[in-house]
Structure formats: structure tokens, C-alpha cells
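Notes follow the structure.
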């Protein structure tokens, strides 16, 4: 036991002692132990306590009795210092002086041992209480239960104990034996756990469902029974097989043990045993057969299902050799098992065969039988399914011709033939070529479409919103036309071809631009008067008129002049154009 | 002296470059010839080894080698690898001829029927046969749908410009122009949307084939995880997720489970899946010569 645990028990014991000490007049002696049942070789911690209901005077040290040393190996004892305590309960103050010695005792031999001690109190001798410790043999030396079939204990004294039992003492190889382990608790303990589970060497074991917790009365005590383990055991060899002991741990310090169980396992009788009989076929079984379709065509698959049902180790059942049908291709069966829930292991095991008929006609699926050993009647029995018939359609005459074919040909008629491998001189080399329109290009192109549409529509809207209006556009048109005229005049200034016509048209355009729409079609004098009304000063009008006349004279008369004259005329015309342009602006 | 050495070294490089290619090419052809010769003797194990050697030596995909390899595995009863190589043979990236394509589809159908029978008898799961919906999804993923959507988009841009520039003011032509715009816009949106969805789904969940006879699909990546179901070799699955050494796959029906990474192989991988255990393609004489 660990040191903190011991100090905890010391305090508990002290609190328990206080009221008694308050009543007592002299010394008190007491023995405490952390366990009352141990195995040989295990350690039990025993506390020897001496207390006096006073803070004055000395308390003698407890002495280990000689009987303890005979049955136990005594380890290093601890404690021994006298401790003074004061406690107030309901206003009443009690004081005590306590001396405690804790000794680890290792059990040396089997038996029931009483532990007590005495201390001198003046002329008297004070005796302690007596604690009984039962030392059990270690597991390998433990005696097995005499009758393991006793399901409920009768003679019990412990508050907490384990109880194990089986439903029979004798069984055949492969027969089910049900093992039960229950925990009986007279009072509710905080922490009870199965520390060591029983061993099932020589058995196949299957877990069974656990029943609910229930209450029962044994003697005068009421116990809560917690079912711990339920196992179906199937012995695998004849002889004596042992189910090992288990260990219960209570509140992490006390232990209880169950006894091992010995079972007599009988071999299966040789008399009447079928040839090749499997030892797993023990129980009671039936077999049935069914087919999912009774009318098929050659090459059409159908399923034949054999179902074995009953009590016994159904998952290990050996169904024996399945019947062979010559004109049918059968695949390995699909096996499914459904376990029944209950104390007896059993259920159903189905073998579904996929079959493909190869020839037309009536197909008979023969009955299948298998043998099992019934432990109740102690004899062998046979389960047999019914025969089934399947009609395979098609032309029966075709069979006669095919009957001479060998099995391989018949099989290839049903199986799909494979095209032959390709043979060639040189393997053609493919230059790895990726498609031009890969995912990335496609995505970019698809995203570009709405982008272009958006840009186009947005640009159009922006042009309409922020672009030039009609007046500005017409001004720009005028400026462009004027620029064209000037360029034509400049181009013709050296040669003189069409020069005066271009200058005249330029001046006429400028005059019309200044005069506005009402000037269109007016003769020159009327146009000049209109310009006067429009605010063009007299000098400008005069210069305009002079230049126009010079141009007329050059165009229609002989007063063309030389290149210098044309240069001067152009300069004058440009000056008039600038002057009229300013006037208009 | 130094110039002479340089010239000699350059000549050696040129000679190596010229000579090495035919040697490698011959090795592929020799391995292929050995495979076809073994196949003619019905020695399918040897044939598979030789075709695996040819496949390993050839840097690019070959429909013929994949087809022969798949056929050899089909004869050996390895339906998973047979399906895998026959599917690769009929993939456009391998450049199958019409004959190879037809033979691949025929053998693939035969292998598929055997795999379905095996699955029925063993209880393993296999993908359902292709439905009209699968064919439709494949058709949507085809390149011509990509071109159609892209050309429709570009056409829409041009038609919109023409409509706004010239035809809007002409009531007679404006109606036809608007109808053309609507048709082009619908083609662009529907064909493009469906193609994009299909390509995205295929790249996010690539197709793979289950290799081997059967593979246990587990609830998580690890041998200690419980088996959810068993996949039939040759079943077509989609790869959803990866974990070191494991892949999470989904059957078309929706069943998902984790399988060892090497038990499935992607169809679109450039290099073929490693050969079956027991086959030693590298051990063939042709392979050794080619490597040398």
C-alpha cells in the first residue's frame, strides 16, 4: 500500500476512534488491515494503534505478536511516533494521544490467521480487537470448484465476492458450455473491477449477451448481482480442461478470487461416426435449398442458396462437399452468417452459389446432405435439403450437336472470346501532343468574351457621355474644311494652277461661315452688307472684297502675276481669314 | 591540340546522339516482338512481361502496347490491370487507330462481363454500367463543346458590334440581328457552363481503376481501420482525397472508402501503373539491352 493511502486510512481510523476514546478512561488498542483475503506471496498492511484519551502522559508502543511472525514475513514497519489530537464535536472537546505502527506482512502459508496484540496499562494489560486474514493458495495451487453447475451461492459471509459457474460439468468436444461470472455486492462499493479475467485455454469462446443487474437475497443479506461475463465455450480437445480463476479488485486495495473450474470433455463417439466428420458439427441443425429463378436461358446466371440453421457453433460448421453439376459453371459461394441472440449459440449460415447454365434443358440441382453430432441424443444425425429444378430455355437440338464438343469449347461458347493481340514490325511512335485549346486557354478565352463586351458597351457609353456635342463637331468640320482649302492654295502657290480658285473658295467659305446660314446664295455685295450687319469692320470687309476681286481678275482675266504676287496674295488672304475668324469667335 | 580534343569530344557526342536512339527504339520493338511471339504460344505471363518492358522503355504512351498488355492481363485473369490498360489503349492521348480502338472496346466489354460475374459471386462492389447520363457528361467534356462555346462567345462580340454600329437603325435587319445575338449568347453560356463544370469535376476527382483481384475499402487511411466494403478489380472509381500511402475513392453509386495508394491507378497518368507482383519486366533480356 502506498504511503498517502496509509496516511488517509490513519486519519479515517483516528476519526472513528475519537468518540470511543472520549468514552474510554484508559488505553485503547486496535488492529486494522487493508485486506482480509490475500494469496500466498501477497502483501497485506496491518496497522497497530494504541490511543489514550488524554494529552498528558506517555502511550506505550505496540508490540507485534509472535503469531504474526509465524504466518507472515514482516517488512519494514513505519510510524510509531505519538501524536496528540484535539477535536470538537457539538461543542464537546475531546483530546487523545495516538501511537500507530504500520507493518507490511507478506503471506507465507495458506490458512486463516487471527491478528491481535496487547499493551500494558499500568498493572493491567489491554487487548486489541482481532482481525482475521485469510491466505489463499496461489492460482496454480488453488482447488477447483467441486460442483461448478451451482448457479447461485448458498453459504456466503463476504459482502463482496465473485461467483463463477457453468451449465454442465461434462461436455463433448464441440458442444457448447455456458460460462457465467457474477459479482455479488451486499453494499454499494465505489470501485469494484475485474482485475484478472478467467482463461479459457482449450476452448473456442464466443461472447454472449449480458443480462441486467438484479437483486437477490442470500441468507439474511440482500445482494446486488452484476453479471460480469457470459461466454459460450466450445472445447477443442478431449480430456480435462480448466477455466482459470479470476480476480476482483475492490476500491483498489481489497481483492477477491474465484476458484478455477475443471470440465470433463468427452471425445465424439467413434461408433457411427461418418467418414470425414468435422468435430465442429456439434449441435442440432437443418438445411434447406432455394433458387432465385427457375426459368433461365443458357449463359444467364442464377443463384442457388443453401441455408443451414440451428444451434451450435454455426460459424465453424462444415457443410461437406457440395454437389457438382456437369452442365453448369458454378462460382465459389458467397457465405453469410446471421447469429441468433441468446444464451445458446446458433443462427443461420447461407452459401449462395452463382451458377451459369451452359446447355438448354431441365437442370436438376441435387439435394445436399451433411452430418452432425447431437449431444442431447448422443448420436450422429444427417440433415438433407430438397432437390431443385431449373428449366434452361433454348433449342434442345443444339445440344445434340454440342454434346460432342469438349468442355473447353462449351466453356468458350459461354465466355466472351478476347480479340487477339496486335502484331507489327515496329511500334508506332506517338509524338506527345497536347490539344491547343487546353483548359487554361479555354478559360482565358471564355473570360475575355464578357470582358470585351463590357469594354465595348462601357466605352460607347463613355463616348456618348463625355465625347464632343453637335456644335463642337460642326466647328471641327469647318476647321477641317478650311485647312483643306489652305493646303490646296499652298500647294498651288508655285505653279499657280488653281491657286486663285482655291483662295477664292477659302475666302468665300470664311465669309459664309461668318454670315451664317442666311448668307448662303447671296451675291457678293449683299454678302458684304450682311457681314457689315454682322459686325465685321469696314477694313476687313474692304480687304476681303479686294482679295476676292484680285482672285476673280486672275481667274477670269490675265492679271495672274508671278509666284511672289501669289505668295503675297496668300499671306493677305490668311490674314483676312484670321481676322474674320477672330471676329466670328 | 586543345582544338583537336574539342573536335573529338564533339564527334563522340554526335555519334552517341545518333546511335543511342535507334538502340532504344530497337529495344522497344524487340520487347514488343517478344511479347507478340509469347502471346502466339499462349505464354501470357511472358507476353505481359515483354509488353511491360516495351511500355517502360517507350517514353510516351502507345495504344498498341497498352492494348496488348491489357489483353495479356485479361488472359491471365488479372481483370483490374486488364481493364486499366485497355482503357488507356482507347484513350485519345495514346493515339489509337480505328482497329485498336475497336479491339480495345471489344476486349474491355469481355473483361467487364467477367468482372461483373466475379463481383456477383464474391459480393465485391463494382461501378454500375455506363448510363446515358455518363455518356452525356463525357460528350460535354469533349473538345468540340469547348470550341463551340468559345466561337459562340467571339461571334457574339462581333455580332454585337455590327448590330450597334450599323444594324440598330435598320428595323428590318435589327430583328434578325437580335435573334442571332440571343442564340450566340445562349450557346456561349450553356455550352461553356456545362463544359467548364464537367472539366472541373474531372480534374478535381480524376478517374482511376482498381488493380488486382479485389481491394478492401476502409473507413479511414490505415490497415487498422475497419473494412467498409470490398472493391472488385477493374471497378472504375473517382479519387476524392489523399493521405500518405492512401487514397479515398468513390464509386459512382456514392460509396466511399480508403484504399492503399498502389491499389488504384489513374487513367490519365503519363506513365502506366507498375506491373503486377510476380512479373519482372526489367528482367527480360530486351529490357537489359535497351537500358545498356
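Residue numbers (our numbering), protein chains in the order written: chain A, 1 to 585; chain B, 1 to 292. Virtual Cβ for every residue (Gly too), placed ideally from N, Cα, C. As the structure is a prediction and not an experimental result, all values here were calculated from the model.
For residue 147 (chain B), the C-beta contacts it makes with chain A under 9 Å involve 437 and 442, in order along the chain. Judged by beta-carbon spacing, residue 241 (chain A) lies beyond the 7 Å limit of residue 261 (chain A), meaning their Cβ atoms are not closer than that value. Residue 242 (chain A) has A:262 as its beta-bridge partners, per DSSP.
Counting along the chain, residue 29 (chain A) sits inside the beta strand (DSSP E) bounded by residues 28 to 33. Taking C-beta separations shorter than 7 Å and ignoring five residues to either side along the sequence, the partners of residue 112 (chain A) in its chain run 132 and 134, following chain order.
In chain order, 422 make up the part of chain A whose C-beta sits under 7 Å from the C-beta of residue 67 (chain B). Taking 8 Å as the upper bound for CB-CB distance, residue 446 (chain A) and residue 198 (chain B) are not in contact here, some 14 Å apart. Looking at B:60, B:39 and B:170, the one whose alpha-carbon comes closest to that of residue 92 (chain B) is B:60. If you draw a straight line from the Cα of residue 314 (chain A) to the Cα of residue 377 (chain A), it comes to about 19 Å.
Against residue 71 (chain B), the close residues of chain A are 418, 419, 420, 421 and 422, in the order they occur along the chain (beta-carbon pairs closer than 9 Å). If you look at residue 352 (chain A), you'll find it in the beta strand (DSSP E) that goes 346 to 357.
For a cut-off of 8 Å, the C-beta gap from residue 128 (chain B) to residue 253 (chain B) is around 6 Å, short enough to register as a contact.
Residues of chain B whose Cβ lies closer than 7 Å to the Cβ of residue 279 (chain A) do not exist, since the nearest Cβ in that chain is about 29 Å away. Between residue 205 (chain B) and residue 238 (chain B), the C-beta gap is smaller than 7 Å, which places the two residues in contact. Setting aside the 5 residues that flank it on each side, residue 318 (chain A) is surrounded in the same chain by 278, 280, 281 and 370, each with a C-beta closer than 8 Å to its C-beta; the list follows chain order. Taking a Cβ-Cβ cut-off of 8 Å, residue 191 (chain B) has no neighbours in chain A, whose nearest Cβ is about 10 Å from it. Residue 462 (chain A) is outside the set of residues whose beta carbon lies under 7 Å from a beta carbon in chain B.
When the Cα atoms are used, residue 310 (chain A) and residue 388 (chain A) turn out to be separated by approximately 22 Å. The alpha-carbon of residue 210 (chain B) is positioned some 59 Å away from that of residue 39 (chain A). Secondary structure of residue 564 (chain A) (DSSP, three-state): helix. When Cβ-Cβ separations below 7 Å define contact, residue 426 (chain A) makes contact with chain B. In this structure the region 54 to 70 of chain A does not lie against the region 144 to 162 of chain A, because fewer than three pairs of beta carbons, one per stretch, are closer than 8 Å. Under the three-pair Cβ rule at 8 Å, the region 193 to 209 of chain A does not count as touching the region 319 to 332 of chain A. Only those residues of the region 324 to 337 of chain A whose C-beta falls short of 7 Å from the nearest C-beta of chain B are listed: 331, 332 and 334. Here residue 32 (chain B) is buried. Its C-beta has 16 or more other C-beta atoms within 10 Å.
Residue range 538 to 556 is occupied by the alpha helix (DSSP H) that includes residue 547 (chain A).
Here the region 136 to 154 of chain B makes no contact with the region 114 to 128 of chain B; the two share fewer than three CB pairs at distances below 8 Å. Within the DSSP bridge table, the entry for residue 287 (chain A) names A:308 as partners. For residue 371 (chain A), the enclosing beta strand (DSSP E) stretches over residues 369 to 374. For residue 451 (chain A), the closest Cβ of chain B is not nearer than 7 Å. When C-beta distances to chain A are compared with 8 Å, the residues of the region 150 to 163 of chain B below that value are 150, 153, 154, 156, 157, 160 and 161, in chain order. Below 8 Å, too few C-beta pairs join the region 70 to 84 of chain A and the region 121 to 129 of chain A to call them touching: fewer than three.
Residue pairing of residue 120 (chain A) in beta bridges, as defined by DSSP: A:125. The three-state reading of DSSP puts residue 120 (chain B) in helix, counting H, G and I together. From the beta-carbon of residue 143 (chain B), the residues of chain A found nearer than 7 Å are 435 and 437.
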